[in-house]
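Be aware that the sequence shown starts at 26, since it is given in our numbering, and climbs by one per residue. Where a beta carbon is used, it is the ideal one built from N, C-alpha and C, also for glycine. Note that the structure is predicted; figures quoted are calculated from it, not measured.
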Amino acid sequence: MRVAVFFAAAASLGGALAQEVYLGFNSGSTTTDRKVKKQADFEKEFQTAQNLKGSPGSFASVRLYTNIQAPSKDDPIEAFPAAIKTNTKLLLGLWCSGTTNIDNEINALTKAIDQYGSNFTNLIIGVSVGSEDLYRVSESGVRNEAGPGQNAKTIVKFIKDVREALGNTSLRRTPVGHVDTWSAWANKSNKAVIDEVDFVGANMFPYYEDDKGNDFSNATNVFNYALNSTEKAAGTKPVWITETGWPLTGPDWGQAKATSDNAKGYWDAIGCSLFGRKNVWWYALRDSNPDNKAKFGISNELSTTASFNLTCPSGSGAPASINKEDAKGSGSTLFVSAKAILLAIILAIAL
Numbered sequence: 026m027r028v029a030v031f032f033a034a035a036a037s038l039g040g041a042l043a044q045e046v047y048l049g050f051n052s053g054s055t056t057t058d059r060k061v062k063k064q065a066d067f068e069k070e071f072q073t074a075q076n077l078k079g080s081p082g083s084f085a086s087v088r089l090y091t092n093i094q095a096p097s098k099d100d101p102i103e104a105f106p107a108a109i110k111t112n113t114k115l116l117l118g119l120w121c122s123g124t125t126n127i128d129n130e131i132n133a134l135t136k137a138i139d140q141y142g143s144n145f146t147n148l149i150i151g152v153s154v155g156s157e158d159l160y161r162v163s164e165s166g167v168r169n170e171a172g173p174g175q176n177a178k179t180i181v182k183f184i185k186d187v188r189e190a191l192g193n194t195s196l197r198r199t200p201v202g203h204v205d206t207w208s209a210w211a212n213k214s215n216k217a218v219i220d221e222v223d224f225v226g227a228n229m230f231p232y233y234e235d236d237k238g239n240d241f242s243n244a245t246n247v248f249n250y251a252l253n254s255t256e257k258a259a260g261t262k263p264v265w266i267t268e269t270g271w272p273l274t275g276p277d278w279g280q281a282k283a284t285s286d287n288a289k290g291y292w293d294a295i296g297c298s299l300f301g302r303k304n305v306w307w308y309a310l311r312d313s314n315p316d317n318k319a320k321f322g323i324s325n326e327l328s329t330t331a332s333f334n335l336t337c338p339s340g341s342g343a344p345a346s347i348n349k350e351d352a353k354g355s356g357s358t359l360f361v362s363a364k365a366i367l368l369a370i371i372l373a374i375a376l
C-alpha cells in the first residue's frame, strides 16, 4: 500500500511539474540606440527580471525574436549562454519576414543545440516560427506601414521546415507555434496556421485598438474581447499571451494616453488577472525598438526597482498565492511551494 501511495504521489508531482505556468518578458536583440546586445547585456536583463522588487511572480522566462546574433549570418544569439547562466527559460523565435527561407535561423538553432547540449535544450519552452507576419500583410498592417510580412501558406511551410530540422534532435517534441496579433488569429483566412501549430501566441494591446474605444477606462473590455476572439479561433490549441502591456510614455493613440499611471493600472487589471494562470511574456522589461515612439519598458535602466509598484493589489483577480500587497522580491512562491509540499508528502510516505 505504501509503495502504491508513494507512486501516486510521485505521479501527482509529475503532473504539477508538467503544468508549470511561465512568466517573463520579451527581449529584442538590440537596445534602443541600435546597439547589438551581447551576452553580458542579456545576463543583466535576465537577472533584473528575476529580482524585481515587489514582483508578483518569478519572471524567469524570456521570449526572443531571433536565434541569430547580429551581424553574423547564422551564429547563435548570445542570449542563449546568458539564459544558461541565469537559468532562464526560453520561448525561442525565428524571424520569418522579408525572406524566402529561414535556413539561417534554423542553422543558428541547430548550432546552439550542438554547442550547448542539454544545458540549452532543457530551458526551451517552445519555438515560435515568426512574429506578427500575418498582421503585417493584413489590410491594417499595410495601412499602418508595419513592414514586410508573410502569408499563411508561407508560415505553414516554415513551421514544417522547423519540425523537419528538429526531428532528429532533443527538441523534436518541443511545442512549435506562431506569434501574431489577435486580429490575425481571428481572420479565418489564417486558419491553416492554427491547424499547423501546437500553440497560438497572441499579442494584444488595447492601447492600439483605436477603433474599439481605447480610452484606458475601456482597456479591460478591449483586452477581453481580443482574448476571447483568439481563443474562439484557436479552438483546442492553447493560447499563450506573448505580448501585452501599456506604454508609460509616448503619443496619444486614439483615445489612449501613455502614462505611468495607466501602465500601472493595466498591470494591475490585466497582468495580475493573468499571472499564474496563463503563460505570459510582458512587453516589456526594457524597450528595444527605437522606431516605436511609445515606450513600454518598466525598467529601461535595468534597476530591480521598476517604474511603478509591481505588487498585485487586493481584489485584482490574481491567484491567491500572488495576490499579495506585501509581495517581496522574485516571487517563485506559487510553483516552488507546490513542489515542496508534494515532495514532503512523498518523502513522508516513503519513510
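Here's the rule: buried if 16 or more other CB atoms are within 10 angstroms of the residue's CB, otherwise exposed. What is residue i?
{"i": "residue 197", "result": "exposed"}
{"i": "residue 151", "result": "buried"}
{"i": "residue 315", "result": "exposed"}
{"i": "residue 326", "result": "exposed"}
{"i": "residue 181", "result": "buried"}
{"i": "residue 59", "result": "exposed"}
{"i": "residue 164", "result": "exposed"}
{"i": "residue 330", "result": "exposed"}
{"i": "residue 167", "result": "exposed"}
{"i": "residue 351", "result": "Below a pLDDT of 50, predicted positions are generally treated as unreliable, and residue 351, at 43, falls in that range; the measurement from the model is reported next regardless. When all chains shown are included, residue 351 counts as exposed."}
{"i": "residue 142", "result": "exposed"}
{"i": "residue 286", "result": "exposed"}
{"i": "residue 215", "result": "buried"}
{"i": "residue 112", "result": "exposed"}
{"i": "residue 260", "result": "exposed"}
{"i": "residue 178", "result": "exposed"}
{"i": "residue 208", "result": "buried"}
{"i": "residue 288", "result": "buried"}
{"i": "residue 86", "result": "buried"}
{"i": "residue 340", "result": "exposed"}
Confirm, please, whether the CB-CB distance from residue j to residue i is below 7 angstroms.
{"i": "residue 271", "j": "residue 304", "result": "no"}
{"i": "residue 335", "j": "residue 77", "result": "yes"}
{"i": "residue 107", "j": "residue 145", "result": "no"}
{"i": "residue 273", "j": "residue 320", "result": "yes"}
{"i": "residue 283", "j": "residue 290", "result": "no"}
{"i": "residue 156", "j": "residue 225", "result": "no"}
{"i": "residue 159", "j": "residue 118", "result": "no"}
{"i": "residue 79", "j": "residue 48", "result": "no"}
{"i": "residue 74", "j": "residue 50", "result": "yes"}
{"i": "residue 332", "j": "residue 323", "result": "yes"}
{"i": "residue 170", "j": "residue 228", "result": "no"}
{"i": "residue 243", "j": "residue 279", "result": "no"}
{"i": "residue 187", "j": "residue 218", "result": "no"}
{"i": "residue 254", "j": "residue 281", "result": "no"}
{"i": "residue 91", "j": "residue 54", "result": "yes"}
{"i": "residue 234", "j": "residue 247", "result": "yes"}
{"i": "residue 162", "j": "residue 172", "result": "no"}
{"i": "residue 103", "j": "residue 63", "result": "yes"}
List the DSSP bridge partners of residue i.
{"i": "residue 88", "result": "51 and 116"}
{"i": "residue 202", "result": "153 and 224"}
{"i": "residue 274", "result": "320"}
{"i": "residue 268", "result": "228"}
{"i": "residue 101", "result": "93"}
{"i": "residue 61", "result": "55"}
{"i": "residue 281", "result": "278"}
Which residue comes first and which comes last in the alpha helix (DSSP H) that contains residue i?
{"i": "residue 210", "result": "207-211"}
{"i": "residue 145", "result": "143-146"}
{"i": "residue 261", "result": "It is not in any alpha helix (DSSP H) - residue 261 carries neither H nor E in the DSSP assignment."}
{"i": "residue 287", "result": "285-291"}
{"i": "residue 227", "result": "Careful: residue 227 lies outside any alpha helix (DSSP H), inside the beta strand (DSSP E) at 224-228."}
{"i": "residue 178", "result": "177-191"}
In terms of residues, what are the limits of the beta strand (DSSP E) holding residue i?
{"i": "residue 153", "result": "149-156"}
{"i": "residue 162", "result": "Residue 162 -> no beta strand (DSSP E), and no H or E assigned at all."}
{"i": "residue 305", "result": "305-307"}
- Message: Contact between the stretch 293-303 and the stretch 177-193 is defined here as three or more beta-carbon pairs at a separation below 8 angstroms; is this criterion met?
- Response: no
- Task: Would you check if there are 3 or more beta carbon pairs closer than 8 angstroms linking the stretch 91-99 to the stretch 123-138?
- Result: yes
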